[in-house]
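**Q** The listed protein sequences derive, respectively, from chains A and B.
Residue numbers for the first sequence, in this note's numbering: 14 to 346.
Residue numbers for the second sequence, in this note's numbering: 44 to 270.
Heads up, the beta-carbon is just placed ideally off N, CA and C, and yes, glycines get one too.
Here the structure is a predicted model, which is why all the values come from computation and not from measurement.
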Amino acid sequence: MLPRGGVRGGAGAAGAASPGRHRRAPGVRAAAAAPEGSAARPAARDELRAPPRPGAPPLPQPREPPAPCPQASPAPHPGDGLRSPGVGSRGGGDVLIPAAVCSPRSKAEAAAIEKELLEDYRFGRQQLIEIWGHACAMAVTKAFPLPSLPRKQPTVLVVCGPAQNGAIGLVCARHLRIFDYEPTIFYPKRSPDPLYRDFTTQCEKMDIPFLSYLPTEVQLINDAYNAVVDAVLGAEAEAGEGREPCAAILATLKLLRIPIVSLDVPSGWDAEAGGSGGISPDVLVSLAAPKECARRFLGRQHFVAGRFLPYDVQKKFELNPPEYPGTECVVAL
Amino acid sequence: QEEAQAIDQELFTEYKFSVDQLMELAGLSCATAIAKAYPPGSFTTSRPTVLVVCGPGNNGGDGLVCARHLKMFGYEPTVYYPKRPSKPLFEGLTTQCQKMDIPFLPEFPAEAALIDELYGLVVDAIFGFSFTGAVREPFGSILSTLERITVPIASIDIPSGWDVEKGKADGLQPDMLISLTAPKKAAMHFAGRYHFLGGRFVPPALQKKYALNLPPYPETDCVLQLS
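(1) Write down every uninterrupted run of the alpha helix (DSSP H) in the stretch 228-289 of chain A whose length is 4 residues or greater and which is fully enclosed by it, in chain order.
(2) Return the CA-CA distance between G84 (chain B) and A74 (chain B), expressed in angstroms with no decimal places.
(3) Determine the extent of the alpha helix (DSSP H) in which G70 (chain B) is found, giving its start and end residues.
(4) Please name the residue in A:A180, A:C216, A:V278, A:F316 whose C-alpha comes closest to that of K155 (chain A).
(5) Looking at the C-beta of R164 (chain A), does it have a partner C-beta in chain B at a distance below 8 Å?
(6) Check whether the stretch 135-143 of chain A touches the stretch 151-167 of chain A, counting contact only when three or more Cβ pairs, one atom from each stretch, lie closer than 8 Å.
(7) The ligand GDP and P175 (chain A): does any heavy atom of the ligand fall closer than 7 Å to the residue's C-beta?
(8) Could you give the distance in angstroms between the alpha-carbon of T88 (chain B) and the alpha-carbon of L164 (chain B)?
(9) Who are the Cβ neighbours of A254 (chain B) in its own chain at under 6 Å, not counting the five residues just before and after it?
(10) I want to verify the contact list: residues of chain A whose CB lies under 9 Å from the CB of A78 (chain B), in sequence order.
(11) Below 8 Å on the Cβ atoms is my guess for G100 (chain B) versus Y124 (chain B); work out the distance and round it to an integer in Å.
(12) Verify the CB distance criterion: does P261 (chain B) have a CB-CB separation below 8 Å to chain A?
(13) Got a sec? Which residues, its chain only, sit under 7 Å from A168 (chain B) by beta carbon, not counting five neighbours each side?
(14) Where A284 (chain A) and G319 (chain A) are concerned, what is the direct C-alpha to C-alpha distance, given to the nearest angstrom?
(15) Determine whether the beta carbon atoms of I221 (chain B) and A47 (chain B) lie at a separation below 8 Å.
(16) Expressed to the nearest angstrom, what Euclidean distance is found between the alpha-carbon atoms of E129 (chain A) and Q232 (chain A)?
(17) Does the Cβ of M231 (chain B) have 16 or more other Cβ atoms within 10 Å, making it buried, or fewer, making it exposed?
(18) Is it buried or exposed, Y238 (chain A), if we count other Cβ atoms within 10 angstroms and call 16 or more buried?
(19) Which runs of the alpha helix (DSSP H) fall wholly inside the stretch 108-193 of chain B and span at least 4 residues, in chain order?
(20) Identify the contact partners of M231 (chain B) in chain A, using a Cβ-Cβ distance below 7 Å as the criterion.
(21) For R111 (chain B), count neighbouring C-beta atoms within 10 Å of its own C-beta (all shown protein chains included) and say buried if the count is 16 or more, exposed if not.
(22) Taking only the alpha-carbon atoms, compute the straight-line gap between S299 (chain A) and Q216 (chain B) and give it to the nearest angstrom.
(23) So which residues on chain B does I144 (chain A) lean against when the C-beta distance must stay under 7 Å?
(24) At which residues does the alpha helix (DSSP H) containing G137 (chain A) begin and terminate?
(25) Helix, strand or coil for P99 (chain B) per DSSP?
(26) So what does DSSP say about V184 (chain A), is it helix, strand or coil?
(27) Anything in chain A within Cβ reach of T75 (chain B), meaning under 8 Å, just list it in chain order.
(28) Return yes when the Cβ of G204 (chain B) is within less than 8 Å of the Cβ of L223 (chain B), no when it is not.
(29) Quick check: the Cα distance between P272 (chain A) and S280 (chain A), rounded to an integer number of angstroms?
(30) Run through DSSP, which three-state label would Y237 (chain B) get?
(31) What residues in the stretch 295-325 of chain A bring their beta carbon closer than 9 Å to a beta carbon of chain B?
(32) Could you give the uninterrupted runs of the beta strand (DSSP E) lying entirely in the stretch 280-340 of chain A, keeping only those of 3 residues or more?
(33) Suppose the cutoff is 6 Å on Cβ atoms and the five residues either side in sequence are ignored; what does the same chain contact list for K252 (chain B) look like?
(34) For a cutoff of 8 Å on Cβ pairs, would you count Y253 (chain B) as touching chain A?
(35) With 16 as the cutoff for other CB atoms within 10 Å, does R37 (chain A) come out buried or exposed?
(36) Tell me, which residues are paired with M219 (chain B) by DSSP?
Right under this line is the structure:
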């Protein structure tokens, strides 16, 4: 009972381009739905395990001066003069500074994009975090495919900070688990936000272990895990976050020999100026669009997770994203 | 059907997933499956136009997410969403689609032939696994029209109008079925070309508890082709 039509080969590929153009479709767009506040999550659940026991004595801190934080955000440079937006092929095989393909954004712009997604486009915050966490996990699998891992067990340590970046880390860990990795989470300062607490439960109920303390003996971490996902601080954080336990965590991360994957902003870096003497991640996964500090990223691979961005947002902020192959949600710059 | 509902319940109450999260993953699976089986280049219509018909519940919500992702994959979806729940989740998803320039039809194409002419594929996101009882309007006439079209139909989770366990011999005959989480009993009666599994979020412990025996998904794909 093969139906006719619809799936014969031939008709020219529309490809992944041409959003926003329509054939005549019968009827017009219906009136927009009445605006309303975003979904409120039902309140508290008390599933939190015992607070982390204070572990080893504090490390002698090689205390780095916080990276200089410019008062005004530097203006974005679309294309950096190396490429004009919207013309010709992008991505894949181009020998260009990543910043040119997908120009970095200031903290203010990143916040504006997020605000627009939440308020105008009515994305839910949990929805966005799910999208980003899933994309980050995909990036991790591309940077460190299962067969390529050096250790026998596909272990990954996911270090989660107290705010949104940490929540994204939790979702990332869960998807890594689904992808057959063995994530372990270190989440010392848990967010009281009910939106994020469910993410914790989901991970716990998937039997993802939560460390009660981070070994300060870095060799232990180097030996136990193939890679570390840095989901400690995001673009919203202040430079060189000095508050515990982030400072101690960052100090430990700096000494690691195994690769680090940073989510959005290498923790401890200023989102715009970058980090001098901060951690040096191997892989950076930029959310929505790279941040200014990505210019100073020196690691092996830079992914951007921005496929879900509506076309109009991309245009409004002149994001010039690269082409995403097939149905992929992340692409390497 | 009860088992499917029990699994769903457990995902929400025990595992604390939110509907938003799972719906996003489910809709993404549907769009990905469609992209695999019906790549944009394979459409006989000159543009890869897709009609997404969304019902009044969660299946409709899955359809909205699917439409959005189809747009990002290069398709040109159009949505028909006659009965919209006034809940923030659905309003948000609708807004996301509208602001991405996905048109919402004010009325359903009256003739099957019109659908065949305008669209290369129809996504049936009308009723899901919670469906029981009689089909209320306007969906009764929508389903009769859909039963007469010749372009392929991709049904989300359950071909709409089918009994969730027994199927419906004289009902919709979709070309593709995307079973979410796990195939339902009705899937045994599915006779189309493409059966995909989607909704790659079921924790291993839950799979064991309900003896789902799901085959492994390939790598990081969010869909698995079962046939």
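**A** Once the coordinates are examined:
(1) Every alpha helix (DSSP H) stretch that sits fully inside the stretch 228-289 of chain A and reaches 4 residues is listed by chain position as 231-237, 259-267.
(2) Roughly 15 Å separates the two Cα atoms.
(3) Per DSSP, G70 (chain B) belongs to the alpha helix (DSSP H) from 62-80.
(4) The option with the nearest alpha carbon to K155 (chain A) is A:F316.
(5) Output row for R164 (chain A): interface = no.
(6) Because the criterion of three Cβ pairs below 8 Å is not met, the stretch 135-143 of chain A and the stretch 151-167 of chain A do not touch.
(7) For the structure depicted, the ligand GDP is absent and the ligand set is empty, with no information on it obtainable.
(8) Looking at the backbone, the Cα of T88 (chain B) and that of L164 (chain B) are separated by about 9 Å.
(9) So the list is empty, once near-sequence residues are dropped.
(10) By Cβ distance, chain A contributes G339, T340.
(11) Actually they are not in contact, since the Cβ atoms of G100 (chain B) and Y124 (chain B) sit about 12 Å apart, beyond 8 Å.
(12) No, P261 (chain B) does not count as interfacial toward chain A.
(13) The residues are V95, V96, C97, G98, N102, G103, D105, G106, C109, I199.
(14) Taking the straight line from one Cα to the other gives about 18 Å.
(15) No, they are not a contact pair.
(16) E129 (chain A) and Q232 (chain A) have their C-alpha atoms roughly 44 Å apart.
(17) Here M231 (chain B) is exposed, its C-beta having fewer than 16 other C-beta atoms within 10 Å.
(18) Its Cβ being crowded by 16 or more others within 10 Å, Y238 (chain A) is buried.
(19) DSSP runs (the alpha helix (DSSP H)) wholly in the stretch 108-193 of chain B: 131-142, 155-161, 182-189.
(20) Those within 7 Å of M231 (chain B) in chain A number zero; the least Cβ separation is about 17 Å.
(21) Classification for R111 (chain B): buried.
(22) In this structure, the straight-line span from the alpha carbon of S299 (chain A) to that of Q216 (chain B) is close to 43 Å.
(23) Going along chain B in sequence order, the residues near I144 (chain A) (Cβ under 7 Å) are E67.
(24) Taken as a continuous stretch (DSSP letters only), G137 (chain A) belongs to no alpha helix (DSSP H), as it is neither H nor E.
(25) P99 (chain B) sits in coil when the DSSP states are folded into three classes, being neither helix nor strand.
(26) In this structure, V184 (chain A) counts as helix in the three-state DSSP scheme.
(27) Per Cβ cutoff of 8 Å: T340.
(28) Going by C-beta atoms, L223 (chain B) is not nearer than 8 Å to G204 (chain B).
(29) In a straight line, the C-alpha of P272 (chain A) is about 14 Å away from that of S280 (chain A).
(30) In the displayed model, Y237 (chain B) falls within a strand according to three-state DSSP.
(31) Contact residues of the stretch 295-325 of chain A toward chain B are R320, F321, L322, P323, Y324, D325 (C-beta to C-beta distance below 9 Å).
(32) As far as the stretch 280-340 of chain A is concerned, its whole beta strand (DSSP E) runs of at least 3 residues are 296-300, 314-318.
(33) Once the five neighbours on either side are set aside, K252 (chain B) has no close Cβ partner at all.
(34) Cβ-Cβ to chain A under 8 Å: no for Y253 (chain B).
(35) At R37 (chain A), the pLDDT of 39 sits below 50, so the modelled position is not reliable and the matter cannot be decided from this model.
(36) Among the bridge pairs identified by DSSP, M219 (chain B) is matched with B:A197, B:Y237.
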